[in-house]
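Everything on this sheet refers to the single structure shown next.
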Amino acid sequence: MLKRLTITNFQLIESADIEFGPGLNVITGETGSGKSMLINAINVLLGKRTSADVVRKGAEESIVSSEFRALSGVNPLLDKKGENEQFELSRIVNVSGGSKFRLNGKSISAGEVQSLAKQLIDLHGQHEHQSLLDSKRHVEFIDASGDLDGLTDRVKFKYLETKAAKAALDLLLERKRLIEEKRELLEFKMKEFKEVAPKEPLHACGR
3 MLKRLTITNF
13 QLIESADIEF
23 GPGLNVITGE
33 TGSGKSMLIN
43 AINVLLGKRT
53 SADVVRKGAE
63 ESIVSSEFRA
73 LSGVNPLLDK
83 KGENEQFELS
93 RIVNVSGGSK
103 FRLNGKSISA
113 GEVQSLAKQL
123 IDLHGQHEHQ
133 SLLDSKRHVE
143 FIDASGDLDG
153 LTDRVKFKYL
163 ETKAAKAALD
173 LLLERKRLIE
183 EKRELLEFKM
193 KEFKEVAPKE
203 PLHACGR
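Quick note on numbering: the sequence shown equals residues 3 to 209 in my numbering.
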């Protein structure tokens, strides 16, 4: 659970400090008031690739920090680093585009942050619900609702295996066709040669 979000010099935001309570939290405002920037800040905090563009004009660096509360044992990374259920996660992006992550003040890699993020928060964009209208994703939704992840993975593997076998078979059949064409050509030339029936040249014997 995200308990607190602190933003400094991020895009157009000079400073913001938001505390989240239990249950539903709603952030409202007019278009252009900065709601999307808050989501962008959370994405950057959780490992999204970024650049110096997020640093507010005139500032040396942008800082996004947070306080989280996670269930015990949810992520092995926290146990490995000896952190408790409540921890601080932050990211600093400087004007040269470089960035660093910290977990309770200790350096942490982007990969570790991304692994941790999967257990902490699930972000959905403004129009992501429209994926329901994409017929190409309907099978994916049905598989997910039936808890068929393991089975679908096996089916995908078998499909790729079969596809590779078919490609190998097609290659062999093509080689066979080329060999057959070459054989027919040689037989045709041999037939022509026999029809001409050349004789051995006569050699004159000199004295």
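The beta-carbon is built from N, C-alpha and C at its ideal position, and this holds for glycine as well. All of these numbers come straight from a predicted model, not from anything done at the bench.
Pick helix, strand or coil for Thr33, following the three-state DSSP scheme.
Here Thr33 sits in coil by DSSP.
Would you call the stretch 20-32 and the stretch 105-118 touching, i.e. three or more CB-CB distances under 8 Å?
Counting Cβ pairs under 8 Å, fewer than three are found: no touch.
Determine the direct distance from the alpha carbon of Leu188 to that of Val198, and round the result to whole angstroms.
Their backbone Cα atoms lie some 16 Å apart in a straight line.
Thinking Ala72 and Leu7 are a contact (beta carbons under 8 Å), I'd like their distance in whole angstroms, please.
No, Ala72 and Leu7 are not in contact; Cβ-Cβ is about 16 Å, not under 8 Å.
What residue range does the alpha helix (DSSP H) around Ser64 cover?
Where Ser64 is concerned, there is no enclosing alpha helix (DSSP H), although the beta strand (DSSP E) it sits in stretches over Glu63 to Arg71.
Return helix, strand or coil for Asn106, following the three-state DSSP convention.
Asn106: coil per DSSP, three-state reduction.
Would you identify the three-state DSSP class for Asn42, choosing helix, strand or coil?
Here Asn42 sits in helix by DSSP.
Can you give me the start and stop residues for the beta strand (DSSP E) that Lys1 sits inside?
With the chain covering 3 to 209 only, the question about residue 1 has no answer from this structure.
Taking the continuous alpha helix (DSSP H) assigned at Phe89, which residues delimit it?
Here Phe89 belongs to no alpha helix (DSSP H); instead the beta strand (DSSP E) covers Gln88 to Asn96.
Taking all protein chains shown into account, decide if Ala43 is buried (16 or more other Cβ within 10 angstroms of its Cβ) or exposed.
Buried: at least 16 other Cβ atoms inside 10 Å.
Would you list the one or two residues that DSSP bridges to Asp19?
DSSP output for Asp19 lists Thr8 as bridge partner(s).
Tell me the DSSP secondary structure of Arg209 in three-state form.
Unreliable placement is indicated for Arg209, whose pLDDT of 49 sits below 50; no coordinate value is reported for it.
At a cut of 8 Å, does the stretch 139-146 reach the stretch 60-71 through at least three beta carbon pairs?
Cβ pair count under 8 Å is below three, so no.
Going by DSSP in three states, Val57 sits in which element: helix, strand or coil?
Val57: strand per DSSP, three-state reduction.
Just confirm the distance between the C-beta atoms of Ser109 and Lys120, as a whole number of angstroms; I'd bet it's less than 8 Å.
Rounded, the Cβ-Cβ distance is 20 Å, inconsistent with contact.
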